[in-house]
Amino acid sequence: MRPTQIYYEPTTLEYPLGKELKAKFSDIPWIPIMNHNNIEELRTKENSEFPELKQLLIIGTRKTHKYVENHKVSDFLVPFTSSGCTAMCLYCYLVCNYNKCSYLRLFVNREQMMERLIRNSNRSTKELTYEIGSNSDLILENTITNNLPWIIENFMKSQKGKLTFPSKFSMVEPLLTLNHQGRVIFRMSVNPESIIREIELGTSSLEHRVEAINKMADADYNVGILIAPVILVDNWKELYSELFDYLEAKLSEKMKKQMFIEVIFMTYSFVHRKINADAFPDSRELYDAEKMTGRGMGKYCYRNNLRQDGEIFIHDELERRFGIGKILYIC
Ligand code: SF4
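For the sequence shown, this note's numbering assigns the number 59 to the initial residue and increments by one for each residue that follows.
Structure below.
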């Protein structure tokens with residue numbers, strides 16, 4: 059990614075990563091800001107300017123480090139080296155939190171975050187798994203910062219604990235030769251190719267994602283598949299059957315043997331509808347009043363009967379191809 063402009067907190071230039079980024083992007087305008095959380099000239103832009111906002115890079119330091127308990131693959135969600143993303147998935151969960159300011163923010167105080175993480179892990183009486191990618195896509199971030207090898211290598215200095223992160227990107231090469239000690243769980247999100255093309259704008263193709271999955275499994279990472287988010291477009295049964303056929307045909311035997319699967323149905327919102335209507339007027343409409351119902355706080359989810367049909371179909375189709383016990387949860 060080549061950002062069009064960089065907004066930065068001046069103190070970030072005191073950190074090694076801040077210095078590196080300054081040298082790497084020396085030909086791009088750098089604009090000083092007080093606080094990455096509140097950049098008024100960006101916050102007040104029109105929704106229609108969302109794609110241009112996604113071309114920006116924001117550099118700051120992370121000030122809040124609160125770990126939130128989680129009960130899926132990880133034990134805690136850990137705010138880490140970035141939030142936001144340069145891609146523009148029409149349903150992106152980050153838009154609910156950051157609205158149109160869901161551009162990529164990099165936090166340069168990674169040493170501080172790592173120290174805290176290692177301390178937390180060493181102090182715990184049981185082996186904990188930390189989700190470090192719940193606010194961004196670390197594989198994408200890594201193409202700019204090269205943070206992931208640094209994170210994995212440094213976390214291996216802890217006595218125990220595991221890291222996990224999801225992705226929709228295929229650029230996994232820098233991770234393949236790392237000494238991860240089997241303590242990293244990589245989860246690749248997949249969807250039918252037509253959904254990727256029309257809805258997950260700016261992410262890697264299905265073919266490339268599946269290649270990346272096999273490479274990571276080959277490099278002895280624990281690898282999971284996220285069928286996420288399941289989007290119940292009109293021909294969804296056909297599309298998801300084709301996707302599962304494709305996975306069955308293309309995933310390596312090594313991957314199939316060790317994989318686990320998470321299934322997450324799409325949540326949409328009023329904010330998405332407003333931004334998408336203004337920023338992507340020709341895109342596919344994801345809101346469907348007949349299929350969806352309100353879920354509080356301006357959010358929508360699929361109606362119960364459709365949702366149940368979806369859960370049963372996806373569960374059975376996955377189990378038929380990949381065997382019993384691979385699905386971790388459906389939510
Ligand atoms: S790749 Fe993930 S973080 Fe980026 S826009 Fe899509 S859903 Fe959001």
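Where a beta carbon is used, it is the ideal one built from N, C-alpha and C, also for glycine.
For N334, the CB contacts under 7 Å within the same chain, skipping 5 residues up- and downstream, are L148, S341 in chain order.
With respect to the C-alpha of L305, the residue from C159, N272, W208 having the closest C-alpha is N272. Here the alpha carbons of L259 and P61 stand approximately 17 Å from one another.
If you draw a straight line from the Cα of S225 to the Cα of E104, it comes to about 29 Å. The DSSP assignment places complete beta strand (DSSP E) segments of no fewer than 3 residues inside the segment 129-216 at 162-165, 187-189, in order along the chain. When only Cα atoms are considered, I64 and E185 end up about 39 Å apart. Membership of G76 in any beta strand (DSSP E) is not indicated; the residue belongs instead to the alpha helix (DSSP H) covering 74-82.
Leaving aside the five residues that flank H266 on each side, the residues in its chain whose CB is nearer than 7 Å to its CB run, in chain order, S228.
A check of alpha carbon separations from I253 across T187, A275, A286 identifies A286 as the nearest.
Of the residues P137, F165, K332, T144, the one whose Cα lies closest to the Cα of H94 is F165.
Rounded to whole angstroms, the separation of the alpha carbons of P109 and M146 is 8 Å.
For the ligand SF4, no non-hydrogen atom lies closer than 6 Å to the CB of K80. With fewer than 16 other Cβ atoms inside 10 Å of its own Cβ, I370 counts as exposed. With a cut-off of 8 Å on Cβ pairs, the segment 275-291 is in contact with the segment 238-248, counting three or more such pairs. At least 7 Å separates the beta-carbon of R163 from that of I86. Residue nearest to F138 within the set T119, T144, R331 is T119 (criterion: CA-CA distance). Just measuring C-alpha positions, the residue of F338, S140, L264, E127 sitting nearest K308 is L264.
DSSP, read as helix, strand or coil, puts L309 in coil.
For T222, the distance from the CB to the nearest heavy atom of the ligand SF4 is not below 6 Å.
Under the DSSP assignment, R101 falls in the alpha helix (DSSP H) whose first and last residues are 98-101. Taking the Cα positions, L79 is about 30 Å away from G240. Here the alpha carbon of K112 sits roughly 5 Å from the alpha carbon of T144.
Between Y161 and G142, the CB-CB gap stays under 7 Å. Looking only at S179, K158, L234, the smallest Cα-Cα distance to A277 is reached by L234. A heavy atom of the ligand SF4 is found nearer than 6 Å to the CB of T261. For Y358, the closest alpha carbon among the candidates E67, S310, C154, K158 is that of C154. In chain order, M172 place their CB closer than 6 Å to the CB of N212, counting only its own chain and leaving out the 5 sequence neighbours on each side.
Rounded to the nearest angstrom, the gap between the Cα atoms of P250 and I372 is 13 Å. Taking 7 Å as the cut-off, the beta carbon of V230 is found closer than this to the beta carbon of A270. Taking a C-beta distance under 7 Å as the contact criterion, Y188 and F134 qualify as a contact pair.
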